[in-house]
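Trainee: Each step along the sequence shown adds one to the number in the numbering used here, with nothing skipped, and position 41 is 184.
Every residue, glycine too, gets a C-beta built ideally from N, C-alpha and C.
In this text, all values refer to a predicted model and were calculated from it rather than measured experimentally.
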Amino acid sequence: MSGIGWLFIIIILATVIGGLYMLRKTANKMPIGDEQMKRIKARQAELEAQERREKQQD
Numbered sequence: 144m145s146g147i148g149w150l151f152i153i154i155i156l157a158t159v160i161g162g163l164y165m166l167r168k169t170a171n172k173m174p175i176g177d178e179q180m181k182r183i184k185a186r187q188a189e190l191e192a193q194e195r196r197e198k199q200q201d
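1. Spatial neighbours of residue 175 within its chain, please: C-beta separation below 8 Å, excluding the five flanking residues on both sides.
2. Please state whether DSSP places residue 148 in a helix, a strand or coil.
3. Given this structure, state the Cα-to-Cα distance separating residue 186 from residue 192, to the nearest angstrom.
4. In terms of residues, what are the limits of the alpha helix (DSSP H) holding residue 177?
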């Protein structure tokens, strides 16, 4: 393979690895407050109860 081919391969690998590194670096966990967590749990319980009622009707 010619020198220009190797150069393209190196540039492509550097771009992919750099992109993955930036994605990993900027991926933050979203902080969820206690009040929001309570609402999430309540909504989840509500949906599960609704699904159980729908299964019983079938």
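Mentor: Quick answer:
1. Counting from 1 along the sequence shown, the entry for residue 175 is found at position 32. Excluding positions up to five away in sequence, the list reads 183.
2. Counting from one through the sequence shown, the residue named residue 148 turns up at place 5. Here residue 148 sits in helix by DSSP.
3. Here the question's residue 186 lines up with position 43 in the sequence shown. Here the question's residue 192 lines up with position 49 in the sequence shown. Whole-angstrom Cα-Cα distance: 10 Å.
4. Looking up residue 177 in the sequence shown gives position 34. Residue 177 -> alpha helix (DSSP H) spans 177–200.
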